[in-house]
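Just below is one structure, and these are the notes that go with it.
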Amino acid sequence: MTMKSFPKPSDLPVPAGAEGWEEIYPYYLVFQDALKEQEDAKFWFCDSQHWPTVFKPFETIGGEFAVKCLGQYNARHLMIPNANGIDFRIHLGYLYMSPIPVPEEQIAARVPDFEARIGHYFANWESKLANWHVKVKGTIADMEALSFAPLPEKVPFEDIENGVGKDGSEVLLENYDRLIQLAYQNWQYHFEFLNLGYIAYLDFFNFCKEVFPNIPDQSIATMVQGVDMELFRPDDELKALALLAIELDLDEHFANTDDPAATLASIAAAAGGERWMAQWEQAQDPWFNFTIGNGFYAHDKYWNVNQEIPLGFIADYIRRARGGAQILRPTEKLIAEKERIVEEYRELLDPEVAAVFDAKRTLAATAYPYVENHNFYIEHWTMGVFWRKVRELGRMLADAGLFAEAEDMLYLSRNEVRDVLFDLVTSWGVGSGAPIGAVVLPEKIAHRKGIVDALKTARPAPALNTPPQSITEPFTRMLWGITTEQVQQWLGADETQDGSTLKGMAASPGQVEGPARVIMHADELTQVQPGEILVAPVTAPSWGPIFGKIKATVTDIGGMMSHAAIVCREYDLPAVTGTGSASTTIKTGDLLRVDGTKGTVEILGAEPALTGPGAHSHSHA
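In the working numbering, the protein residues as written are 3 to 623.
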């Protein structure tokens, strides 16, 4: 069988103005001419699910730490028999991944280690997960305690009296090193239970496929759904605040949520406002450490910093609830459906096999919540604090004259920032005046801004090089939806003649029709109107507040365990993921028929140009 190929990295044109782009990233993150033969022999897919926009140099930290730490649990901690980690490169500003299989002859030797290690975790799941929460929250608290104050005019006299013998600049350097180390620490913790969650689910998944050869993937997923996951807690807090506002008749105070200070002052002064404000304050810590992005970028907006975001969502929930809409997740319905399907399949088994089925399903259902819950603690809470500290440092360096704006620091890599800090403490320590960076960095940063802007003008290729005959690596299939069938679909092997039907992963069941709303960035979420079908390169789990108003979701990338798939199943919405090109093929207003049971999206026709609130980007969510 001759396999079609995606372009080689060297085949992709460099956007005008981005020439020399490789120099803005660390050498180990870009393809190397000296390794061209080996790297072109590998199949690489673009992880636009987690990194949908071009990296600024400092932002590669999220990609580097996440993928490195994912790999260590496969290859070094758990010794997964058939899967090492995932190799990764940045090409033209986007992250590409290539799963690393274990050589066939080494698989058997890893099995005893693997069984002992996962057996230990699963036997001690509750205590180890409780300790995980302690570790992660401890790391966050340590990060919160860091500060980046300007260097003083002189060493305090008490340091002279106490014989400190240091000038205090070491604290600045240590705090920066500590900030990076703490981020790395929580990314290691991130994958400690995530890979186990996938393993438990895959074990149950494979068992079901063995004993029920024709069982749909969705039925297996349904058997572990309907849990009260912490990832939904921020959204649930907003719903509770909306219902309390209705109870206290505070609707009128949410007329202009774009001004959070005025809105909150108005509520506080109203009858019943004190009670609402108390619940608002209680919800913020920790649940407003939440972003409408995914936490991997410095530009992601967090609720606790940008309070117009949660207030806008609350205002929308108030309007919808007043209009008779059911804003709460249909948890009871989901649990009832889960129990019905479990019983339906369990009855087909003899008692001995049913006992195995029960054990594997219970383990999967126990481990499954972590697959999404970790997002709140790492991507949202940890990274929210991290980016806040990064901005604090950037402001201090800008005030010291090293560059014009705090955001300029993002155009330096984390190791370059360490050099800038030493430049600063040196010029301060010796009293020479302005640091050397004040004359070197502005030009370098301006040049890099031009490169990043130019890279943003091109969309990434979905994949690179020739795909393998069969894609078997379990995480690649379940999380990203990168299957043999999907890759061939991306290559156009199964396109319909008129291009009016897209195929993807049947991620959440049901069939609906409605107008499309194409969202390329989280900032556009305010445009989504009730009854529309969300179409996006990928969704973030933090988009929960809009899932109550849409009819279905369609994404370019993602598998059965992707955020979009899990969230849609929990909101009882049809979803088709991993289409490859929905966000560029479909236009806002197109009438769609989404079949989340079959994994198809039909474009039934173009709708007339939108009018009213849906046509304006400033409409409230």
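Note that the Cβ used here is the ideal one computed from N, Cα and C, for glycine as well.
- Within the stretch 569 to 611, the runs of alpha helix (DSSP H) that reach at least 4 residues and sit entirely inside it are, in chain order, 584 to 587.
- Taking 4 residues as the shortest admissible run, the stretch 34 to 116 contains the following complete alpha helix (DSSP H) segments, listed from N- to C-terminal end: 38 to 42, 62 to 74.
- By the CB criterion at 8 Å, Val540 and Arg519 fall outside the cutoff.
- Here Val603 is buried. Its C-beta has 16 or more other C-beta atoms within 10 Å.
- In the three-state DSSP reduction, Pro215 falls in the coil class, being neither helix nor strand.
- Sequence-distant partners of Pro312 (beyond 5 residues in either direction) whose C-beta falls short of 7 Å from its own C-beta, in its chain, are Leu240, Phe290, Trp305.
- Residue environment: Pro114 is assigned as exposed (fewer than 16 neighbouring CB atoms within 10 Å of its CB, all protein chains considered).
- In this structure, the alpha-carbon of Tyr27 lies about 15 Å from that of Arg420.
- DSSP places Met507 in the uninterrupted beta strand (DSSP E) bounded by 507 to 510.
- Its chain contains Val157, Gly431 as the residues whose beta carbon lies nearer than 7 Å to that of Asp169, once the 5 sequence neighbours on both sides are disregarded; these appear in chain order.
- Apart from the 5 residues on each side of it in sequence, Tyr96 sits with its Cβ closer than 6 Å to the Cβ of Cys48, Pro462 in its chain, given in chain order.
- Excluding residues up to 5 positions away in sequence, Leu240, Leu243, Ala244 lie with their Cβ nearer than 6 Å to the Cβ of Ile316 in the same chain.
- Scanning the stretch 452 to 491 from its first residue to its last, the whole alpha helix (DSSP H) runs of 4-plus residues come out as 476 to 480.
- Counting C-beta pairs closer than 8 Å gives three or more between the stretch 218 to 226 and the stretch 361 to 378, which meets the contact rule.
- Boundaries of the beta strand (DSSP E) around Leu536: 535 to 538.
- Rounded to whole angstroms, the Cβ separation of Gly582 and Ala508 is 15 Å, and the two are not in contact under 8 Å.
- If you look at Gly314, you'll find it in the alpha helix (DSSP H) that goes 310 to 324.
- In this model, Leu233 and Asn375 are separated by some 5 Å (Cα to Cα).
- For a cut-off of 8 Å, the C-beta gap from Leu457 to Ala20 is around 5 Å, short enough to register as a contact.
- Per DSSP, Arg331 is not a residue of any beta strand (DSSP E), being assigned neither H nor E.
- Taking the Cα of Gly386 as reference, the smallest distance to any Cα among Pro288, Glu407, Ala448 is reached at Pro288.
- Ala400 and Asp425 have their C-alpha atoms roughly 14 Å apart.
- When Cβ pairs closer than 8 Å are counted between the two stretches, the stretch 428 to 445 is seen not to touch the stretch 519 to 533, the count staying below three.
- Gly73 is positioned such that its CB atom lies closer than 8 Å to that of Gly87.
- Secondary structure note for Gly431: its alpha helix (DSSP H) is the uninterrupted segment 416 to 432.
- With 16 or more other CB atoms across the displayed protein chains lying within 10 angstroms of its CB, Asn188 is buried.
- A residue is called buried once 16 or more other Cβ atoms fall within 10 Å of its Cβ, and Phe549 is buried on that count.
- Within the same chain, and ignoring the five residues on either side of Ile605 in sequence, the residues whose Cβ sits closer than 7 Å to its Cβ are Ser502, Ile588, Asp592, Leu594.
- With respect to the C-alpha of Ile120, the residue from Ala151, Phe150, Thr141, Asn76 having the closest C-alpha is Asn76.
- Where Gly396 is concerned, the enclosing alpha helix (DSSP H) starts and stops at 385 to 401.
- Annotation: the continuous alpha helix (DSSP H) that includes Pro353 extends over 353 to 377.
- For Leu504, DSSP records a beta bridge to Val603.
- Taken atom to atom, the span from the alpha-carbon of Met81 to that of Leu204 is near 16 Å.
- DSSP, read as helix, strand or coil, puts Glu155 in coil.
- Around the beta carbon of Glu334, fewer than 16 other beta carbons sit within 10 angstroms, so the residue counts as exposed.
- In the three-state reduction of the DSSP assignment, Ala518 falls in the strand class.
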